[in-house]
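Numbering follows the numbering used here, in which position 22 of the sequence shown is assigned residue number 116; successive positions increment by one, without gaps.
No residue lacks a Cβ here, since even glycine has one placed at the ideal position from N, Cα and C.
All values reported here derive from a predicted model rather than from experimental measurement.
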Amino acid sequence: MPSFAALLAERGVLLADGATGTNYQNMNMAPGVAPEQWVIDAPDRVSELHRRFLDAGSDLVLTCSFGATAPRLARGPLAGRAREVSRRAAEIAREAAGDEHLVGGSMGPTGQLVEPLGPLTREVCVDAYAEQAQALADGGVDLLVLETFFALDEALWAIEGVRGVSDLPLVASFSFDQGRRTMMGLTPTDVVAATRTLGLAALGANCGRSLQDTDALVTEFLADSQAPLWIKPNAGVPKVIGGSVVYEVTPAMLAEHVRDYVIQGARIVGGCCGSTPEHIAAISLALGR
Ligand SMILES: [Zn+2]
């Protein structure tokens, strides 16, 4: 099994996967159920989505553990089972990916605001990501991915927690869902400056808003960042049409933008909310694979 760095060096660009939650919804996940519930209740369907992305051309799939930190699970039916959920999510992805493909351990925000705006303290945050990183590592991931972060304190504490327990390559990705800024007002330049000395394996953006906004984010990251650029945009802004949530960016449209990001220098690409295996297949084709 090549390492993340070795495979990135060998291939130049790595194709990651697309969305988890919105594809589970397409697979009839009941409304209000957290994706992590399927790790316990429907591991066959978690595995099926991994395999569909791998068949579409993904070099790298992310575990179904985005919301599996202890503080985030504490509010729902998986309270107290954080370690078990992340370890099992990693094992499911590892089994689907085999030895030829990479598995990234997904770690999303806690869902709490940092004090004094909310209850999240450094101690709780560091402990939560240490626990999740250890569980994902125990389950066999190749790298760890902090994704969709929006607050600098929470991201830096998460990095501190991960680094306390694991030497695996670590990626940090932020959601600029205000367009060119995160919910807490961070720009790409801000996150580059704050993480420059931390030795991240990649840095970038996922989720966010429109592809036009992502175009601008890519330019800003590439002007400044030394770390390989990680970009997984949404398939556009979701709209409610006839009672269902629709993402209007087609596979061809997403592929066109992502190919441009690669031409400009992005190194790890894929999709976020609304992006299906068909979107990943279109990106793979656009990259000439
Ligand atoms: Zn997303």
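Relative to the non-hydrogen atoms of ligand 1, the Cβ of Cys158 never comes closer than 6 Å to any of them. In the pairwise beta carbon analysis, the region 290 to 301 is classified as not touching the region 330 to 339: fewer than three pairs are separated by under 8 Å. Going by C-alpha positions, Val140 is about 15 Å away from Gly233. In the DSSP assignment, Asn300 forms a beta bridge with Lys326. The alpha-carbon separation between Ala168 and Gly368 amounts to approximately 27 Å. When rounded, the separation of the alpha-carbon atoms in Ala99 and Ala295 is 8 Å. Inclusion of Met95 and Asp193 in the CB contact set at 7 Å is warranted, their separation being smaller than that value. Note on Leu102: 16 or more other CB atoms within 10 angstroms of its CB, so buried under the neighbour-count rule. Of the heavy atoms belonging to ligand 1, none sits nearer than 6 Å to the Cβ of Asn120. Rounded to whole angstroms, the Cβ separation of Arg145 and Ala190 is 5 Å, and the two are in contact under 8 Å.
Phe270 is bridged by DSSP to nothing; it lacks a bridge partner.
Inclusion of Leu238 and Val220 in the CB contact set at 7 Å is not warranted, their separation being larger than that value. DSSP places Thr242 in the strand class (E or B) of the three-state scheme.
Of the residues assessed, Leu262 falls on the buried side of the cut-off, its CB having 16 or more other CB atoms within 10 angstroms.
Excluding residues up to 5 positions away in sequence, Asn117 lie with their Cβ nearer than 6 Å to the Cβ of Leu143 in the same chain. Non-local beta-carbon contacts of Gln206 in its own chain, meaning distances under 6 Å to residues more than five positions away in sequence, involve Pro165, Gly212, Pro213 and Leu214 in chain order. For Val218, the closest alpha carbon among the candidates Cys366, Thr204 and Thr281 is that of Thr204.
Not one heavy atom of ligand 1 is found less than 6 Å from the C-beta of Cys219. Within the same chain, and ignoring the five residues on either side of Val235 in sequence, the residues whose Cβ sits closer than 6 Å to its Cβ are Ala184, Val197 and Gly199. The region 287 to 294 makes no contact with the region 348 to 360, as fewer than three CB pairs between them are under 8 Å. Per DSSP, Gly106 lies in no beta strand (DSSP E) and is assigned neither H nor E.
Around the beta carbon of Ser338, fewer than 16 other beta carbons lie within 10 angstroms, which makes this residue exposed. In the assembly as shown, Arg182 is a buried residue. Its beta-carbon has 16 or more other beta-carbons within 10 Å. Counting only beta-carbon distances shorter than 5 Å to the non-hydrogen atoms of ligand 1, the qualifying residues in chain order are Cys301, Cys366 and Cys367.
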